[in-house]
Amino acid sequence: SGRERSDWTMAAFRQDVKAVVDAVGAKGVLLVGHSMGGPVVLEAARRMPDRVKGIVLVDTLLDVEERTPANEVEAFAGRLQANYEKTATEMANAYLFAPATPEPVRQRVLAQALALPARVSVAILRQVWAYDPLPALREIKAKVRAVNADKFPTNVEVNRRHMPGYEVILVPGSGHYPML
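Each residue of the sequence shown is one higher than the one before, counting from 9 in my numbering.
Quick look at the structure:
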């Protein structure tokens with residue numbers, strides 16, 4: 009999507025995905041979204057119902073009914089704005105890594121996070137934490153599968169209420185980046 013953009017919203021990201029699908033002329037699409045990519049692919053699928061055949065969520069939307077209270081989002085955003093490097097590092101160590109996460113993976117993930125300007129990271133965080141997937145899930149007919157770490161529990165029962173046939177594979181000890 010590029011860092012020169014000024015619109016860091018789910019609507020903008022879903023349009024990016026749709027633009028790629030349109031550009032390549034894809035008809036039967038499988039969308040894969042990791043972390044904030046989960047909400048992005050749900051929104052993209054919602055805009056291309058006849059073209060999306062399936063969705064794979066990777067360590068995202070572990071409980072589609074759970075919401076982070078706005079005051080917690082703003083408190084964390086304030087901490088990021090005040091001291092981005094320290095806060096992002098603490099957050100990564102607390103939430104993204106498992107004890108078994110290899111050091112090269114930790115370094116890579118942290119370097120990528122710290123390379124983002126604080127204003128971009130805060131804008132994305134606000135979008136992701138405010139996102140309500142339920143309206144999109146009411147419209148999406150494609151099958152949804154998930155590949156999640158076991159660091160935080162996946163609420164399979166709740167997710168199946170909103171995604172019939174939802175299945176999840178847990179990757180033990182992988183942290184937030186099971187693909188790495």
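Ideal placement from N, C-alpha and C gives every residue a C-beta, glycine not left out.
No experiment lies behind these values; they were computed from the predicted model shown.
Measure the alpha-carbon distance for residue i versus residue j and round it to whole angstroms.
| i | j | result |
| --- | --- | --- |
| L5 | G45 | Outside the shown range of the chain (9 to 188) lies residue 5, about which nothing can therefore be said. |
| M187 | T109 | 11 Å |
| V48 | R13 | 16 Å |
| D30 | V40 | 17 Å |
| T76 | A83 | 11 Å |
| G181 | D15 | 35 Å |
| T162 | N156 | 8 Å |
| V166 | R153 | 14 Å |
| Y103 | T68 | 13 Å |
| V25 | L142 | 20 Å |
| V28 | A34 | 9 Å |
| P57 | P107 | 40 Å |
| E93 | V130 | 12 Å |
| N91 | P172 | 42 Å |
| A85 | N79 | 10 Å |
| L118 | R127 | 17 Å |
| A123 | Q89 | 14 Å |
| P125 | E98 | 17 Å |
| F160 | Q23 | 30 Å |
Where do the ends of the beta strand (DSSP E) carrying residue i lie?
| i | result |
| --- | --- |
| K94 | Here K94 belongs to no beta strand (DSSP E); instead the alpha helix (DSSP H) covers 92–99. |
| G41 | 37–42 |
| E175 | 175–179 |
Our contact map puts residue i next to residue j with C-beta atoms below 8 Å; I'd like the distance itself, whole angstroms only.
| i | j | result |
| --- | --- | --- |
| R59 | G36 | 7 Å |
| V81 | R134 | 6 Å |
| V113 | Y185 | 6 Å |
Along the chain, where does the alpha helix (DSSP H) containing residue i start, and where does it finish?
| i | result |
| --- | --- |
| L65 | Looking at the DSSP string, L65 is not in any alpha helix (DSSP H); the run it does join, the beta strand (DSSP E), is 60–66. |
| A52 | 45–55 |
| E12 | E12 -> no alpha helix (DSSP H), and no H or E assigned at all. |
| N167 | 164–170 |
| M18 | 18–32 |
Give every residue of the same chain whose Cβ lies closer than 7 Å to the Cβ of residue i, excluding the five residues on either side of it in the sequence, and list them in chain order.
| i | result |
| --- | --- |
| A121 | A96, A100 |
| M18 | P47, V48, E51, Q135, Y139 |
| A150 | A53, V60, K61, G62, I63 |
| H170 | V72, L142, L145 |
Given residue i, which residues of its chain have a CB within under 6 Å of its CB, disregarding the five upstream and five downstream residues?
| i | result |
| --- | --- |
| D158 | L178, P180 |
| H42 | V66 |
| F21 | V48 |
| E147 | R54 |
Output needed for residue i: all residues of its chain with C-beta closer than 8 Å, excluding positions within five of it in sequence on either side, in chain order.
| i | result |
| --- | --- |
| R168 | Y174 |
| R87 | T95 |
Going along the chain, which unbroken runs of the alpha helix (DSSP H) with 4 or more residues stay wholly within the stretch 73–159? For the stretch 73–159, the continuous alpha helix (DSSP H) assignments of 4+ residues that do not extend past its boundaries occur at 78–90, 92–99, 111–123, 126–138, 142–147, in sequence order.
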